[in-house]
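Take a look at the structure below.
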Amino acid sequence: MTAKPNILVIGTGGTIAGRGKAAVNTSAYLCSVLGIDEVLDTIPQALALANLRSEQLLQTGSENFNNEHLLAIGKRVANVLARQDVDGVVITHGTDTIEETAYFLHLTLKSVKPVVVVGSMRPPSAMSSDAALNLYDAIAVAAHPSSRGIGTLVVANSEIHTARDVVKSNSFKLEAFRSPYGALGYVIEGVPRYYRRPSRAHTLDTPWSLDGLAGLPKVDIAYGYGALESDALASIAANARGLIFVGTGNGNVASHLLSTLREAARRGVHVVRASRTGNGIVLRNGTQPDDEYGWLTVDDQVPQKARLLLALALTQGCDTNTLQAAFERY
Ligand code: ASP
1 MTAKPNILVI
11 GTGGTIAGRG
21 KAAVNTSAYL
31 CSVLGIDEVL
41 DTIPQALALA
51 NLRSEQLLQT
61 GSENFNNEHL
71 LAIGKRVANV
81 LARQDVDGVV
91 ITHGTDTIEE
101 TAYFLHLTLK
111 SVKPVVVVGS
121 MRPPSAMSSD
131 AALNLYDAIA
141 VAAHPSSRGI
151 GTLVVANSEI
161 HTARDVVKSN
171 SFKLEAFRSP
181 YGALGYVIEG
191 VPRYYRRPSR
201 AHTLDTPWSL
211 DGLAGLPKVD
221 IAYGYGALES
231 DALASIAANA
241 RGLIFVGTGN
251 GNVASHLLST
261 LREAARRGVH
271 VVRASRTGNG
281 IVLRNGTQPD
291 DEYGWLTVDD
301 QVPQKARLLL
311 ALALTQGCDT
321 NTLQAAFERY
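Start counting the sequence shown at 1; every next residue gets the next number (UniProt numbering).
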């Protein structure tokens with residue numbers, strides 16, 4: 001019999017660490033009140049999958065996570081992955097921004113060891129909570145050799161998603177996690193089954209590592225609509241190094257906002273057109289002459305992940321072609 005893998009479970013808070021007054025409280029409850037050991041105590045079955053150790057890194061809702069939280073999580077995970085006595089890491093996390101933390105790790109960790117980010121839509125105290133099974137499945141995925149070398153994963157509802165693609169797409173249903181091209185695989189009774197692999201570069205194949213990275217360049221997001229006033233847009237762009245402009249449809253920009261965005265680009269702000277549809281591709285030089293304006297487009301990435309990708313890319317330089325290439329490669 002082979003030895004069980006050693007999995008470190010890092011707690012950061014969220015609904016998976018929440019508690020409601022009664023079992024019927026599936027949506028109204030306190031977040032981030034259970035310690036990671038209390039959460040793990042609900043799934044003694046996981047001890048059959050791996051040797052588990054735990055650590056409480058943060059204890060807060062993921063809606064609060066800023067660049068410093070991401071760097072703290074990333075540096076801690078990078079540090080523990082380098083240890084020989086750690087075979088994989090599970091991070092319990094709020095679901096609101098689970099995709100951002102997961103994508104940030106996917107782009108920056110330098111390891112083939114599995115890293116799985118997991119949350120739940122209902123706290124462990126609620127009727128039909130998804131907390132126990134999601135965490136059990138996440139440990140199963142992190143403990144399994146078939147999960148090595150495919151980047152950071154998000155596990156929910158028996159599905160394994162790549163961090164690049166997954167988004168939270170519903171505010172209360174258990175089936176909230178969606179990847180536009182589908183999940184990578186399933187977990188069934190503690191065993192992952194994969195059907196495809198991520199095709200875009202990640203982890204060891206990116207130029208970004210967290211070693212010595214003290215902060216991220218300021219990249220902001222502006223949500224576009226016809227009544228958005230140019231002053232409001234200009235103030236968002238004022239101190240940013242990059243601006244993800246979330247346009248309508250194919251990254252469309254209302255006519256009265258064009259001069260504000262062009263002026264921002266002239267001042268050196270890296271303007272990136274995204275789409276508020278949440279799906280599909282923003283075609284470069286499609287609805288706007290991006291080459292002429294010196295703008296970028298997100299390819300198919302959602303604004304919140306485009307923000308992280310641009311921030312990381314800006315740590316290495318600000319050539320427009322190189323930045324655009326990052327959106328096509330990762
Ligand atoms: N507010 C919570 C969070 O993201 C929601 C959740 O965990 O589902 O931390």
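We put the beta carbon where it would ideally sit given N, CA and C, even for glycine.
Residues bridged to residue i by DSSP?
i: residue 6; result: 51
i: residue 192; result: 187
i: residue 168; result: 177
i: residue 222; result: 245
i: residue 162; result: 153
i: residue 299; result: 282
i: residue 19; result: 30
i: residue 89; result: 8, 115
Comparing alpha-carbon positions, which option in the options lies nearest residue i?
i: residue 151; options: 84, 78, 234, 65; result: 78
i: residue 86; options: 4, 181, 238, 34; result: 4
i: residue 164; options: 191, 204, 103; result: 103
i: residue 66; options: 292, 107, 101, 222; result: 101
i: residue 84; options: 317, 280, 262, 113; result: 113
i: residue 297; options: 318, 250, 316; result: 250
i: residue 204; options: 108, 160, 293, 234; result: 108
i: residue 160; options: 183, 147, 168; result: 183
i: residue 149; options: 220, 14, 110, 90; result: 110
i: residue 222; options: 35, 28, 209, 254; result: 254
i: residue 238; options: 248, 262, 256, 252; result: 262
i: residue 290; options: 235, 266, 279; result: 266
i: residue 322; options: 218, 259, 207, 256; result: 207
Once DSSP output is grouped into helix, strand and coil, what is the label at residue i?
i: residue 252; result: strand
i: residue 156; result: strand
i: residue 96; result: coil
i: residue 272; result: strand
i: residue 56; result: strand
i: residue 76; result: helix
i: residue 266; result: helix
i: residue 177; result: strand
i: residue 201; result: coil
i: residue 245; result: strand
i: residue 231; result: helix
i: residue 144; result: coil
i: residue 310; result: helix
i: residue 43; result: coil
i: residue 34; result: coil
i: residue 83; result: coil
i: residue 122; result: coil
i: residue 322; result: helix
i: residue 293; result: helix
i: residue 25; result: coil
i: residue 304; result: helix
i: residue 103; result: helix
i: residue 137; result: helix
Quick one: does the C-beta of residue i sit closer than 7 Å to a heavy atom of the ligand ASP?
i: residue 175; result: no
i: residue 96; result: yes
i: residue 318; result: no
i: residue 63; result: yes
i: residue 15; result: yes
i: residue 127; result: no
i: residue 119; result: yes
Inter-stretch contact at 8 Å, needing at least 3 Cβ pairs: the segment 50 to 67 / the segment 189 to 206 = no
inquiry  = Quick check: the segment 234 to 249 against the segment 263 to 281, are at least 3 beta-carbon pairs closer than 8 Å?
reply    = yes
query = Using 8 Å as the threshold, is the segment 218 to 238 in touch with the segment 129 to 141, meaning 3 or more CB pairs across them?
reply = no
task = For the segment 68 to 75 and the segment 210 to 229, state whether three or more C-beta atom pairs, one from each stretch, are separated by less than 8 Å.
result = yes
ask   = With a cut-off of 8 Å, do at least 3 Cβ pairs link the segment 161 to 178 to the segment 93 to 110?
value = yes
query = On the three-pair Cβ rule with 8 Å, is the segment 34 to 42 touching the segment 7 to 16?
reply = yes
ask   = Any contact of the segment 294 to 303 with the segment 274 to 283, i.e. 3+ C-beta pairs under 8 Å?
value = yes
message = With three or more C-beta pairs closer than 8 Å as the rule, is the segment 20 to 34 touching the segment 44 to 52?
response = no
inquiry  = When you compare the segment 115 to 127 with the segment 146 to 161, are there three or more beta-carbon pairs, one atom per stretch, that lie closer than 8 Å?
reply    = yes
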